[in-house]
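**Q** Everything in the sequence shown is counted per my numbering, starting at 415 for the first residue and increasing by one.
Ideal Cβ positions, reconstructed from N, Cα and C, are used throughout, including at glycine.
Because the structure is a prediction, the values reported are computed rather than measured.
Below: one structure in structure tokens.
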Amino acid sequence: MTALLERHRARFEGAREACRTRASWSPFPEMPGKYPDAAAAQVRGLAAFQAHLGDNARARDFELDQPGTIGWLGDEVSPYTRSPLGARYPQADVDRLFDAAGRAMPDWGAATPETRLGVLMEVVDVIYREQLFEIAQSVMHTAGQSFNMAYAGSGVNALDRAIEALVYAEQAMAAVTPSARWERSFGPSQIVLEKTYRLVPRGVAVCFTCASFPTWNAWPSMMASLATGNPVIVKPHPATILPMAITVRVFRRVLADAGFDPNLVTMAIDNVEQPLGKVLVKHPKTAIVDFTGSARFGQWVEQNAHPALCFTETAGCNTVVLESAEDLEAVLRGLATTLCMFSAQMCTSPQNIYIGAQGVRTPQGRVSRDEVARRLAGAVAALTSDPKKASMILATIQADSTLALMRQLQAEGKGRGRVLLAPQAYAHPEFAQARTSTPLMLQVGTDARDLYGEERFGPISFVIGCADADDALAQATRDVHERGGLTAFLYSTDESYIVRAEQAYARAGAQLTTNLTGAMPLNFAAAYSDYHVTGLNAAGNAALTSLAFVASRFCISQSRRPRRDAASPTRQPGATP
């Protein structure tokens, strides 16, 4: 099966070089219009998506030939139509999934790393060539992303992250020499040993996916486990099963075509009434847990997954500090765009914007805090006033609970500060029933920490008044220390202040972007270059992607014996778990 890796060698080597240099690179077009034969591919993808849908009279079963089916579940509702998708998926007996995964593991674990990498690179290629637009439509109508974001962020960017995980898996495994000849003296005796080192998979991995970005974390997590020899049971969020069901089916088909047991990848679904999450985490055969989702359940996973390995990415308070700026208007435009992107339903979206009492220093003089807040609110309003433009940037609200939270915070904020922007639904130009909202923006003081001192999921932001610039930095990094944070944003023309901020955010463990303006979204995270999450605060304990994300997914077993007269043993690439 190394022929598969050779087939994709150029793509793999390009990714490896990009990981080494951290330069911009991708083998995939970023925009759907640049995909080969884009118009026809989009038509096929839409038709494939629609073929999964049921109607009011009858649900459509998503066939997935995996063991242990005990029923059918499916409650997904499109945020665009607010109608049920009508798709049902096989509900599996959890013990039978683990048993099947255990039976599939020995042959996969005994395969060479090159064989496994080749099969998984083939999975990437099949998704890109055959299922990309089908998955994009599925993400759009479950997570609520715009079509362009579903193609890019949940499509090609997620594939980049998948390949990135394979590169680091290859590096981690290649660092272990397969055999060695060891010699030294013990008194008058010369001891010569032949040593063999085997890479041993840990066991079954459970991969939890989230509602707003189901593929972006899942694909690299699945690749990291599979590349190192571990089977994967995928646990999709009940609101976004379809993209992962398609994903699982592709993995199973490619594995079977390559001669491996397709039960290396299976899917365990649940619903809100009967959640499976804790059952899967505490299952005695769970060896690895990858979790993306809420901070509350993520903390439970971290505290209860042992003895399984646990990799988490949850959420936190992403902060902005406005101290000074060369071009304040450019700063506010960029910040407004990022506050609106997918209605701030991304784990990297900024939430808390800190400004000192002296306002923001500019070449034209100081701009008061209230004026900065007013102009920022105006920039957001300008982006969202036109429904067509709003539909492209805001997209939809994934869940009704987000709208309820916005109403609650608006009412509380009115009595604690000032409502800079009140949210309201906008009319989506293509989907009249779409669940939509413009952002809520509140201006408060640091005495309102109970309002802003945790992640408020959705298009919700706070402009927070502080004593001065130093206090603004201290308050912002306190958020990260206490509640976690993935990203942070700083605007300052004072180099000494920038240095202090870099040091403070590094200690807090948030990835800092300084003085970025222009077309690039502030929170854009580039595969092969940007490390997503540091693992240093409550927002997550792992980084996508570093060697640490993959290296502990396998262990090293060794055997040794006195040198034989025969030739040294050849490489033993894997081990039967």
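Please report the straight-line C-alpha distance between A881 and C761, rounded to a whole angstrom.
**A** Distance between the alpha carbons of A881 and C761: 28 angstroms.
**Q** Among residues of its own chain, excluding the 5 on either side of T700, which ones have a beta-carbon nearer than 7 angstroms to its beta-carbon?
**A** Once the five neighbours on either side are set aside, the close Cβ partners of T700 are V618, V620, L694, A722.
**Q** Where do the ends of the alpha helix (DSSP H) carrying E743 lie?
**A** Per DSSP, E743 belongs to the alpha helix (DSSP H) from 742–754.
**Q** Along the beta strand (DSSP E) that carries L779, what are the first and last residues, could you check?
**A** The question names Leu, yet the displayed sequence has Gly at residue 779. Taken as a continuous stretch (DSSP letters only), the beta strand (DSSP E) holding G779 covers 779–781.
**Q** Taking the beta strand (DSSP E) that K609 falls in, what are its first and last residues?
**A** 603–615 is the extent of the beta strand (DSSP E) around K609.
**Q** Give me the Cβ distance between A583 and V964, rounded to the nearest whole Å; I'm assuming they're in contact under 8 angstroms.
**A** Right, the Cβ-Cβ distance comes to about 5 angstroms (below 8 angstroms), so this counts as a contact.
**Q** Contact between the segment 884–892 and the segment 851–858 is defined here as three or more beta-carbon pairs at a separation below 8 angstroms; is this criterion met?
**A** They do not touch, by the three-pair rule.
**Q** Output needed for A890: all residues of its chain with C-beta closer than 6 angstroms, excluding positions within five of it in sequence on either side, in chain order.
**A** Around A890: T733, V735, Y768.
**Q** DSSP three-state label for C724, please.
**A** Looking at C724 - three-state DSSP - the assignment turns out to be strand.
**Q** In angstroms with no decimal places, state the Cα-to-Cα distance between D864 and Y503.
**A** Computed Cα separation, rounded: 40 angstroms.
**Q** Can we say the segment 623–633 touches the segment 706–724, given the rule of at least three CB pairs closer than 8 angstroms?
**A** Result yes; three or more Cβ-Cβ pairs closer than 8 angstroms.
**Q** Whole angstroms are fine: how far does the CA of L478 sit from the CA of L580?
**A** For L580 and L478, the distance between alpha carbons rounds to 26 angstroms.
**Q** Does the segment 555–565 come into contact with the segment 582–601, if we say contact requires no fewer than three beta-carbon pairs (one atom in each stretch) closer than 8 angstroms?
**A** No: the two stretches stay apart, fewer than three of their Cβ pairs being nearer than 8 angstroms.
**Q** Among residues of its own chain, excluding the 5 on either side of V538, which ones have a beta-carbon nearer than 7 angstroms to its beta-carbon?
**A** So the qualifying residues of the chain are L573, A576, I577.
**Q** Mind the definition here: the segment 631–647 touches the segment 427–446 only if three or more C-beta pairs lie below 8 angstroms; say whether that holds.
**A** Result no; under three Cβ-Cβ pairs closer than 8 angstroms.
**Q** Where do the ends of the alpha helix (DSSP H) carrying P634 lie?
**A** Counting along the chain, the alpha helix (DSSP H) containing P634 begins and ends at 632–641.
**Q** Just to confirm my understanding: we take E536, look at its own chain, exclude 5 residues before and 5 after, and list those with CB closer than 6 angstroms. What are they?
**A** So the qualifying residues of the chain are L418, V668.
**Q** Using 8 angstroms as the threshold, is the segment 482–502 in touch with the segment 525–532, meaning 3 or more CB pairs across them?
**A** As far as the Cβ criterion goes, the segment 482–502 does not touch the segment 525–532, which means the pair count is below three.
**Q** When we look at the beta-carbon of R543 and count the other beta-carbons within 10 Å, is it buried (16 or more) or exposed?
**A** Classification of R543: exposed, given that the 10 Å Cβ count is below 16.
**Q** May I ask you to report which of helix, strand or coil DSSP gives S827?
**A** A quick correction: the sequence has Gly, not Ser, at residue 827. Note: G827 maps to helix in three-state DSSP.
**Q** Would you kindly check if the distance between the Cβ of L834 and the Cβ of A791 is under 8 angstroms?
**A** Result yes, Cβ atoms of A791 and L834 sit closer than 8 angstroms.
**Q** Out of P873, R510, T526, state which residue places its alpha-carbon closest to the alpha-carbon of A809.
**A** Among P873, R510, T526, the Cα nearest to that of A809 is on P873.
**Q** Taking all protein chains shown into account, decide if S971 is buried (16 or more other Cβ within 10 angstroms of its Cβ) or exposed.
**A** Flag for S971 reads exposed.
**Q** Helix, strand or coil: which one does DSSP assign to P976?
**A** In this structure, P976 counts as strand in the three-state DSSP scheme.
**Q** For chain B, check one thing: does any of its Cβ atoms lie closer than 8 angstroms to the Cβ of S875?
**A** Going by chain labels, chain B is absent from the structure shown, which holds only one protein chain.
**Q** Excluding five sequence neighbours on each side, which residues of the same chain lie with their C-beta closer than 7 angstroms to the C-beta of K802?
**A** Answer for K802: P843, listed in chain order.
**Q** Based on Cα-Cα distance, which residue from G899, A918, V913, I912 lies nearest to A956?
**A** Measuring from the Cα of A956, the nearest candidate turns out to be G899.
**Q** Roughly how many whole angstroms lie between the Cα atoms of Q778 and L746?
**A** Q778 and L746: Cα-Cα distance of roughly 16 angstroms.
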